[in-house]
Each structure stands twice: as C-alpha cells, then as structure tokens.
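The sequence shown runs 1 to 111 under our numbering. Everything on this sheet refers to the single structure shown next.
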Amino acid sequence: DKDEYHENLGQVLHSVSKGKSLGEAVLPVVDQINRGLKPALRTPEMCIEISELNLEAGLKCCELSDYSTANTYLKNALSLLPKNPWKSHYNLSLQLYCLLAKSAYSCGNGE
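If you want it as structure tokens, here you go:
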C-alpha cells in the first residue's frame, strides 16, 4: 500500500544519503524521508542524521528566501533531537536555533 511504499522509499533514501551533500535534490529527498520513516523505525543515530538533513533542507530554503518552508524543516529537525541536545549535539542545536530564529523573523514572527 501507499504508506508501505513511502516507508520503504524513506529508508532507502536515508541509507544512500548518509554522509553526502544532496545539493539540489535535498528538498524532495528530505520530504520523502520525513514522510516515509515512521518514528517507531528511527534509531537515535538516525534521528540525528535526519535532523542534519532537515537542517540542510532548511538552509536551502533560506537561500531561496522560502522562510516559511525553512521553518517547517527546522522545527522537524529540532523535534528529532534527543533530550538536552545542547549537551550531546551542541553545534547542531546552535545551527538549528539560530537559523530558526532568522527564518521566523523573516516570516514576521519576531517575538
């Protein structure tokens, strides 16, 4: 069925994207991974990898001045981080929160 297809495709795309810069393909690949990989299937390591991919997608959207979509990717990335991410993943947390603040401000959500 459709859900199983997206789940399998998300797993395959995640496995082939490890450690690679996806360039122009980042948005459709990350969309599929986000859609296809169910939370129950994600290991803590996968969550960090997917969070980094969502950061890359958020950066790409900011380059394209699509701050609303960037917000979506960045919030998804933050939701994948473990408890107390500032201790275990400081640099990733810093990048995500700074870019999220920038994109939120650019959308007019400066509060």
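Here a beta-carbon is modelled for each residue, glycine too, at the ideal position from N, C-alpha and C. All values reported here derive from a predicted model rather than from experimental measurement.
- Under a 10 Å Cβ-count criterion, residue 36 is classified as buried, with 16 or more other Cβ atoms of the shown protein chains found around its own Cβ.
- Cα atoms of residue 84 and residue 73: separation of roughly 20 Å, rounded to the nearest angstrom.
- Contact check for residue 107 against residue 71 passes: the beta carbons are separated by less than 9 Å.
- Separation of residue 47 and residue 28 (C-alpha to C-alpha, rounded to the nearest whole angstrom) is 18 Å.
- In the three-state reduction of the DSSP assignment, residue 62 falls in the helix class.
- If you compare the alpha carbons of 5, 66 and 95 with that of residue 52, the shortest gap goes to 95.
- A distance below 6 Å between beta-carbons, with the five flanking residues on each side excluded, links residue 32 to the following residues of its chain, in chain order: 9, 10 and 13.
- Using a Cβ distance threshold of 9 Å, residue 55 and residue 22 do not count as a contacting pair.
- Contact check for residue 58 against residue 103 passes: the beta carbons are separated by less than 9 Å.
- A buried status is given to residue 49, since no fewer than 16 other beta-carbon atoms sit within 10 Å of its beta-carbon.
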